[in-house]
């Protein structure tokens with residue numbers, strides 16, 4: 094069954110990327126592998142806009158998130174992290190699990206900590222070792238817009254700067270080197286439009302040195318091992334998920350062919366069209382402040398009495414369009430539309446059409462015409 | 094470039110399994126996923142011959158090995174483990190990394206600890222918490238043949254019994270429940286003949302209870318999280334590598350269609366044919382004692398003056414047959430032929446033919462005719 098996957102990930106994967114998985118299985122200790130993996134590393138550097146070391150982990154995004162923690166955070170380290178949803182909360186738990194002293198900058202779901210709050214935390218904690226931030230809170234659809242300014246603080250306090258951009262990197266501007274991000278990571282199945290299972294992570298020279306001198310006692314996410322293998326042979330220490338590496342490389346190739354700036358523009362315009370089109374049919378975005386709204390996760394409040402399971406099942410079964418429900422406390426209260434990867438005017442228009450038709454079938458009086466017209470108008474900017 | 098992959102893994106993957114990866118990307122929080130994952134769990138149980146809980150990790154075999162350690166081993170625990178090569182050594186390091194008191198039963202590479210040595214260790218350490226064993230030492234080609242007898246010791250001492258069968262499970266008899274194995278694990282890219290990237294692990298009720306009560310502080314390999322998600326929704330806690338799960342399921346389906354006993358018999362006979370055929374052309378197995386020799390990893394000593402890189406490159410470039418070199422100290426001294434997964438008389442005969450031809454091209458006087466004849470004779474048992 095082929096669906097239009099408008100999920101917060103995994104997202105639609107182009108056929109070219111799917112077919113890349115059929116490349117013959119090779120020896121991961123061979124020259125053929127070196128060609129594949131160095132290409133993966135170089136293309137990832139381009140998409141991350143960095144010269145930093147890259148490790149492509151065979152794991153989900155959570156694997157890369159865990160790697161960013163177990164390699165950098167030790168007992169009693171002071172760590173600052175904004176928390177406003179499931180994924181930032183998980184990340185703060187992982188950090189706490191290392192025995193760190195975690196300074197949580199909590200804000201209500203759907204709202205971001207302000208830059209001033211972060212600045213204040215840095216002012217009050219000169220000895221902060223690392224600042225961790227979830228770029229895009231997938232559970233609620235918020236996105237942080239001031240990452241460029243954070244490096245003034247991290248440089249001043251000599252703090253590691255770690256960005257978990259799992260559901261965003263590739264969809265918006267995120268120049269790792271320009272913004273002095275020490276560790277940046279994402280997952281293959283989000284804005285990069287590859288299948289799930291590969292998680293790239295970039296590591297600055299300063300963070301790399303620290304990791305090599307302070308390796309964790311585990312292996313799979315021990316980045317020092319990956320650096321060593323790459324330096325010695327351009328191999329990975331453990332057998333990588335070969336078909337997924339081929340697919341991930343193909344996805345990067347497509348992205349670079351289109352050009353980063355074009356990809357960002359397409360995401361922004363499609364996102365605008367979804368927010369305004371779905372608002373015009375009578376829905377309201379869950380995130381109230383416009384500047385906090387995520388480009389890639391469009392979260393919408395359910396209309397009164399609208400039952401989550403029935404709505405999403407109708408959308409999936411009658412129109413083959415997949416969207417996600419709410420996460421945790423937001424279960425039954427919001428639904429989330431993914432806007433990433435392949436997303437195009439077709440994806441936007443079909444999704445608005447299917448959502449308004451589903452609402453109509455469920456007896457809601459919505460203005461489909463207004464929604465489609467508004468979206469079409471926005472999409473003209475492409 | 095299509096190679097015959099006679100590697101210790103990744104091994105040849107049937108086209109049916111490769112094509113299964115092209116199944117459409119689905120929501121991993123949907124009923125479609127529940128169908129896929131419960132099927133994966135049930136088929137894995139059949140292949141493991143167990144009713145125990147199964148977790149299919151999206152990671153390489155090392156990931157499952159690490160999971161078996163971080164969920165079970167705590168500071169100061171007393172752990173017994175035989176060590177005779179790279180992978181058992183790695184495992185013992187992982188255990189030590191948890192702060193455990195590791196009792197290593199060391200034997201020279203190419204030899205196994207005897208059952209009597211293990212019994213003695215159990216006799217001298219009544220308080221041993223867990224016994225870890227690498228079923229098949231991939232780096233040297235040894236295989237442990239007394240796993241059935243170990244449960245007498247583990248039951249007597251109330252010890253967790255953990256079997257790392259990464260490069261063997263699926264090729265030989267390993268009835269997890271009958272042998273009272275608490276934790277058993279493998280990797281998808283070995284005898285199961287799927288692409289690399291999925292690592293199944295089985296956990297007994299007793300071990301599960303312990304893991305739930307004593308979870309690690311990390312997440313990706315925290316099995317208690319997987320148990321909880323499976324119980325609540327038949328989902329996985331993190332986005333699984335969907336295409337690899339489809340492929341892994343297809344590989345299990347093929348294996349069960351053939352029948353476990355037939356699969357074991359095929360592996361045994363092909364392995365016998367490789368050992369005796371390659372011996373007949375003038376090579377000698379690295380593992381001297383026959384009962385220690387692995388079914389799936391046929392390690393052979395290089396002839397005097399035979400240069401590893403030239404030999405394997407000729408074999409790969411002229412005959413498209415891939416074999417592996419030695420590991421660690423054995424680099425340049427042995428080469429290893431994988432005998433697993435799809436392995437059939439064709440694989441055996443083509444490999445012996447290509448190896449003897451390569452040796453002839455390099456100026457060695459080998460008896461190709463004797464090798465092929467001997468192998469063919471052995472293969473008649475199929």
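Protein chains in written order, with my numbering: chain Y, 94 to 475; chain X, 94 to 475. Note that the Cβ used here is the ideal one computed from N, Cα and C, for glycine as well.
Pair within 8 Å by beta-carbon distance, residue i and residue j
| i | j | result |
| --- | --- | --- |
| residue 448 of chain Y | residue 468 of chain Y | no |
| residue 101 of chain Y | residue 233 of chain Y | no |
| residue 208 of chain X | residue 250 of chain X | no |
| residue 148 of chain Y | residue 316 of chain Y | yes |
| residue 260 of chain X | residue 190 of chain Y | no |
| residue 134 of chain X | residue 287 of chain X | no |
| residue 376 of chain X | residue 441 of chain X | no |
| residue 202 of chain X | residue 423 of chain X | yes |
| residue 476 of chain Y | residue 253 of chain Y | Because residue 476 of chain Y is not part of the residues shown, which for chain Y are 94 to 475, the question remains open. |
| residue 280 of chain X | residue 154 of chain X | yes |
| residue 476 of chain X | residue 418 of chain X | No answer is possible for residue 476 of chain X: it lies beyond the span of chain X, which begins at 94 and ends at 475. |
| residue 285 of chain X | residue 362 of chain X | no |
| residue 111 of chain Y | residue 340 of chain Y | yes |
| residue 145 of chain X | residue 258 of chain X | no |
| residue 429 of chain Y | residue 380 of chain Y | no |
| residue 150 of chain Y | residue 173 of chain Y | no |
Counterpart residues of residue i in DSSP-defined beta bridges
| i | result |
| --- | --- |
| residue 146 of chain Y | Y:296 |
| residue 175 of chain Y | Y:198 |
| residue 140 of chain X | Paired residue(s): none; residue 140 of chain X is not in a bridge. |
| residue 236 of chain X | X:229 |
| residue 429 of chain X | X:392, X:417 |
| residue 151 of chain Y | Y:291 |
| residue 246 of chain X | BP columns for residue 246 of chain X are empty, so no partner. |
| residue 303 of chain X | For residue 303 of chain X, which the question treats as bridged, DSSP gives no partner whatsoever. |
| residue 223 of chain Y | Y:172, Y:253 |
| residue 98 of chain X | X:415 |
Member of the options whose CA lies at the smallest distance from the CA of residue i
| i | options | result |
| --- | --- | --- |
| residue 293 of chain X | X:137, X:108, X:475 | X:137 |
| residue 170 of chain Y | Y:220, Y:206, Y:147, Y:148 | Y:220 |
| residue 396 of chain Y | Y:426, Y:415, Y:235, Y:204 | Y:426 |
| residue 114 of chain X | X:376, X:310, X:462, X:342 | X:342 |
| residue 322 of chain Y | Y:305, Y:336, Y:416 | Y:305 |
| residue 327 of chain Y | Y:125, Y:380, Y:260, Y:185 | Y:125 |
| residue 312 of chain X | Y:186, Y:439, Y:167 | Y:186 |
| residue 421 of chain Y | Y:131, Y:177, Y:151 | Y:177 |
| residue 121 of chain Y | Y:330, Y:199, Y:269 | Y:330 |
| residue 139 of chain X | X:365, X:266, X:340, X:256 | X:266 |
| residue 212 of chain X | X:365, X:388, X:235, X:239 | X:239 |
| residue 268 of chain X | X:143, X:475, X:206 | X:143 |
| residue 160 of chain X | X:184, X:174, X:141, X:145 | X:184 |
| residue 282 of chain Y | Y:236, Y:433, Y:303 | Y:433 |
| residue 301 of chain X | X:324, X:379, X:284 | X:324 |
| residue 383 of chain Y | Y:127, Y:274, Y:235 | Y:235 |
| residue 218 of chain X | X:196, X:270, X:229 | X:196 |
Neighbouring residues, chain Y, relative to residue i (Cβ below 9 Å)
| i | result |
| --- | --- |
| residue 359 of chain X | Neighbours of residue 359 of chain X on chain Y: none; closest Cβ ~20 Å, over 9 Å. |
| residue 155 of chain X | 312, 313, 330, 331, 332 |
| residue 223 of chain X | Per Cβ cutoff of 9 Å: no residues; residue 223 of chain X is ~17 Å from chain Y at best. |
Contact set between residue i and chain X, taken where Cβ atoms lie within less than 8 Å
| i | result |
| --- | --- |
| residue 95 of chain Y | 117 |
Interface residues of chain X facing residue i [CB-CB closer than 9 Å]
| i | result |
| --- | --- |
| residue 159 of chain Y | 311, 312, 313, 314 |
| residue 122 of chain Y | 100, 417, 418 |
| residue 187 of chain Y | 310, 311, 312 |
| residue 190 of chain Y | 309, 310, 311, 312 |
| residue 378 of chain Y | What residue 378 of chain Y touches in chain X: nothing, since even the nearest Cβ is about 22 Å away. |
| residue 103 of chain Y | 118, 119, 120, 121, 332, 335 |
Closer than 7 Å at the beta carbon, the chain X residues around residue i
| i | result |
| --- | --- |
| residue 55 of chain Y | Because chain Y here runs from 94 to 475, residue 55 of chain Y falls outside it and cannot be looked at. |
| residue 228 of chain Y | Near residue 228 of chain Y there are no residues of chain X at all, since even the closest Cβ is about 17 Å away, more than 7 Å. |
| residue 114 of chain Y | 114, 336 |
| residue 163 of chain Y | 311 |
| residue 106 of chain Y | 118 |
Chain-ordered chain Y contacts of residue i [CB-CB under 8 Å]
| i | result |
| --- | --- |
| residue 284 of chain X | Residues of chain Y passing the Cβ test: none, with the nearest at roughly 14 Å. |
Listed by chain order, chain Y residues near residue i by CB distance under 7 Å
| i | result |
| --- | --- |
| residue 111 of chain X | 115 |
| residue 152 of chain X | 151, 152, 313 |
| residue 290 of chain X | 151, 290, 334, 337 |
Any non-hydrogen atom of the ligand NAD closer than 7 Å to residue i Cβ
| i | result |
| --- | --- |
| residue 227 of chain X | Absence of the ligand NAD from the depicted structure is noted, as is the absence of any ligand whatsoever, leaving it without description. |
Fill in: Start-end ranges of the beta strand (DSSP E) lying completely within the region 314 to 398 of chain Y, minimum 3 residues
390 to 394
Item to complete: Tell me the start and end of each unbroken alpha helix (DSSP H) in the region 446 to 475 of chain X that is at least 4 residues and wholly inside, in chain order.
Response: 461 to 472
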